[in-house]
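Read top to bottom, the protein sequences are chains A and B. This note's numbering numbers the first residue of the first sequence as 1079 and each following residue consecutively. This note's numbering numbers the first residue of the second sequence as 1079 and each following residue consecutively. Even glycine gets a Cβ: it sits at the ideal position worked out from N, Cα and C.
Protein chains: 2
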Amino acid sequence: MTTREPQQERSRTTRRRLIDAAVECLAERGWHGTTVSVIAERAGVSRGAAQHHFPTREDLVVAAVAFLGEEQITELRQRAAALPQGPSRAGPVAEMLLNLFTGPKFRAALHLWVAASTDEALREVLVPLEARVGREAHRVALELLGADEAQPGVRETVQATLDLARGLGLANLLTDDTRRRNQIIRQWARILEPTVAATADSAAS
Amino acid sequence: MTTREPQQERSRTTRRRLIDAAVECLAERGWHGTTVSVIAERAGVSRGAAQHHFPTREDLVVAAVAFLGEEQITELRQRAAALPQGPSRAGPVAEMLLNLFTGPKFRAALHLWVAASTDEALREVLVPLEARVGREAHRVALELLGADEAQPGVRETVQATLDLARGLGLANLLTDDTRRRNQIIRQWARILEPTVAATADSAAS
Chain A
1079 MTTREPQQER SRTTRRRLID AAVECLAERG WHGTTVSVIA ERAGVSRGAA QHHFPTREDL
1139 VVAAVAFLGE EQITELRQRA AALPQGPSRA GPVAEMLLNL FTGPKFRAAL HLWVAASTDE
1199 ALREVLVPLE ARVGREAHRV ALELLGADEA QPGVRETVQA TLDLARGLGL ANLLTDDTRR
1259 RNQIIRQWAR ILEPTVAATA DSAAS
Chain B
1079 MTTREPQQER SRTTRRRLID AAVECLAERG WHGTTVSVIA ERAGVSRGAA QHHFPTREDL
1139 VVAAVAFLGE EQITELRQRA AALPQGPSRA GPVAEMLLNL FTGPKFRAAL HLWVAASTDE
1199 ALREVLVPLE ARVGREAHRV ALELLGADEA QPGVRETVQA TLDLARGLGL ANLLTDDTRR
1259 RNQIIRQWAR ILEPTVAATA DSAAS
């Protein structure tokens, strides 16, 4: 069956398997335990094929983190459509955003970020990616809240929400922090409410 | 002069030099580049003397992170005494707390936390330390705000402040994020104001 798969699709499947394996590997073993050989073996791909798609370890892990960041943003956008309008939106949005960085994808990215702080080559490829994914995440958070950045304080509250989400991801790294996080999410929804309500008012006027 | 230094004081000086060297080393090279030999050399202490004080690399780095966490909390407490009473306290407190994790001490701790996520032995010593330092930081944040945990939402807002601070520390890891952070700090002061004001009201009643 695989031999009948068109070349382009096969290539896409291989890339995807390498990306998934890279994220798993980073999350479980960290940057120092993540090599092209280890990733290729986990993906069931030859080392040569892996290097055909991604010449270096940096290329592969950066592509992986970028891909997963975009996938997560697409998923958020799809869920946004089902949300209620007005202030009651604040609760489900707080939950979606503040749980964003609690899984193995964030752990994988965190390994890269921290490794990059002592690795110049890795830093150079990650900084532009961080900026791009950060901008996208900010845009989708605004959409989710239905918030208007022209209102004073809205931009900063939305930014704080994403920074808080990353802080909560960190707090969930070594222990299961779900219970404490859920209480913070409830309080955060109250803090976000005026942001959503102000926008709804101004849209109505 | 050093030979006249009392034994106990000399021992304290050595420990302190090892701790400072461990933090510098972690912040610059990460966990994988931090060995007892490297730390001892940087501290100007023999490897044997270093191991007399701290038998393993884990002992040394954990002591370092614990010591610096406590030092930071003591410093915050001293600065708390100089703060104004009432809601105007929110501004300087937001600034103090949200800048807490932007320096090399946080970077050192972050290397350890992330390494511990893939290293069982390190995780075992770090988890109780994380809980202890977390509780202390929460207590000092409450003191700084002059906030009363019995008021609904106060506990969670204070927790969110520290989680946000860690998120902002992460955002400052690869690039200088000061400008963006300062805007978030201003908005955060507005969000914290009712927490401080509610407490001041209830204290006055």
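Quiz item: Of the residues B:Thr1112, B:Gly1122, B:Pro1133, which one's Cα is nearest the Cα of B:Ala1187?
Solution: The alpha carbon of B:Ala1187 has as its nearest neighbour, out of B:Thr1112, B:Gly1122, B:Pro1133, the alpha carbon of B:Thr1112.
Quiz prompt | Pair within 8 Å by beta-carbon distance, A:Arg1107 and A:Val1114 | solution = No. Outside cutoff.
Exercise. Pull up the distance between the alpha-carbon of A:Ser1283 and that of A:Arg1093, whole angstroms please.
Key: Since pLDDT at A:Ser1283 reaches only 40, below the 50 mark, its modelled position is unreliable, and no value is offered.
Exercise. Keeping to the same chain, check which residues put their C-beta closer than 8 Å to that of A:Val1116; ignore five residues upstream and five downstream.
Key: Correct list, in chain order: Cys1103, Arg1107.
Quiz item: Between which two residues does the alpha helix (DSSP H) carrying A:Val1143 extend?
Solution: Per DSSP, A:Val1143 belongs to the alpha helix (DSSP H) from 1135-1158.
Quiz item: Nearest to B:Ala1267 by CA position, among B:Gly1164, B:Gln1129, B:His1189, is which residue?
Solution: Looking at the Cα atoms, B:Gly1164 is the closest of the given residues.
Quiz item: Among B:Leu1246, B:Arg1155, B:Arg1264, which residue has its Cα nearest to the Cα of A:Val1232?
Solution: Nearest option by C-alpha distance: B:Arg1264.
Practice problem: Please name the residues in the segment 1186-1211 of chain B whose beta-carbon is closer than 9 Å to at least one beta-carbon of chain A, in chain order. | Solution: Within the segment 1186-1211 of chain B, the residues whose Cβ lies closer than 9 Å to some Cβ of chain A are Leu1188, His1189, Trp1191, Val1192, Ala1193, Ala1194, Ser1195, Thr1196, Asp1197, Arg1201, Leu1204, Val1205, Glu1208, Ala1209, listed in chain order.
Quiz prompt | the segment 1145-1156 of chain A touching the segment 1217-1230 of chain B, judged by at least three CB pairs closer than 8 Å | solution = Contact fails: fewer than three Cβ-Cβ distances are below 8 Å.
Self-check item: A:Gln1163: first and last residue of the uninterrupted alpha helix (DSSP H) it sits in
Solution: Element bounds for A:Gln1163: n/a, residue is neither H nor E.
Quiz item: In terms of alpha-carbon separation, which member of B:Pro1182, B:Ala1193, B:Phe1184 lies closest to A:Arg1185?
Solution: Per the Cα distances, B:Ala1193.
Quiz item: Comparing the C-beta of A:Leu1251 with each C-beta of chain B, is any distance below 8 Å?
Solution: True, the Cβ-Cβ gap to chain B drops below 8 Å.
Quiz item: Exposed or buried, which one is B:His1130 when buried takes at least 16 other CB atoms within 10 Å?
Solution: When all chains shown are included, B:His1130 counts as exposed.
Exercise. Please report the residue range of the alpha helix (DSSP H) in which A:Ala1172 lies.
Key: Taken as a continuous stretch (DSSP letters only), the alpha helix (DSSP H) holding A:Ala1172 covers 1168-1176.
Quiz item: Residue range of the alpha helix (DSSP H) that B:Glu1227 falls in?
Solution: That residue, B:Glu1227, is in no alpha helix (DSSP H); it is neither H nor E in DSSP.
Quiz prompt | Separation of B:Phe1179 from B:Leu1246, as counted between CA atoms | solution = Approximately 7 Å between the Cα atoms of the pair.
Quiz item: Under 8 Å, do A:Ile1097 and A:Ala1127 count as touching if we go by C-beta distance?
Solution: Not a contact, by the Cβ cut-off of 8 Å.
Exercise. Would you kindly report the start and end of the unbroken alpha helix (DSSP H) that includes A:Gly1245?
Key: It spans 1232-1249 - the alpha helix (DSSP H) in which A:Gly1245 sits, taken as one unbroken run.
Practice problem: Look at the Cβ atom of A:Gln1237, then the Cβ atom of B:Ile1262, and state whether they are nearer than 8 Å. | Solution: A Cβ-Cβ contact shorter than 8 Å links A:Gln1237 with B:Ile1262.
Quiz item: Between the segment 1249-1257 of chain B and the segment 1202-1212 of chain A, do at least 3 Cβ pairs fall closer than 8 Å?
Solution: At 8 Å Cβ cutoff, the stretches touch.
Quiz item: Going by beta carbon distance, what residues of the same chain come within less than 8 Å of B:Thr1239, once the five residues before and after it are set aside?
Solution: Here the set comprises Ala1172, Leu1175, Leu1176, Ala1219, Trp1266, Leu1270.
Quiz item: Cβ of B:Gly1212 within 7 Å of any heavy atom in the ligand MG?
Solution: No copy of the ligand MG appears in this structure; indeed no ligand is present at all.
Quiz prompt | Assigned secondary structure, B:Leu1204 (DSSP; H/G/I helix, E/B strand, else coil) | solution = Residue state, collapsed to three classes: helix.
Quiz item: Between which two residues does the alpha helix (DSSP H) carrying A:His1110 extend?
Solution: Where A:His1110 is concerned, there is no enclosing alpha helix (DSSP H), given that its DSSP letter is neither H nor E.
Practice problem: List the whole-angstrom C-beta distance separating A:Arg1095 from A:Gly1122, where the pair is believed to meet the contact cut-off of C-beta under 8 Å. | Solution: A:Arg1095 to A:Gly1122, Cβ: 7 Å. Contact.
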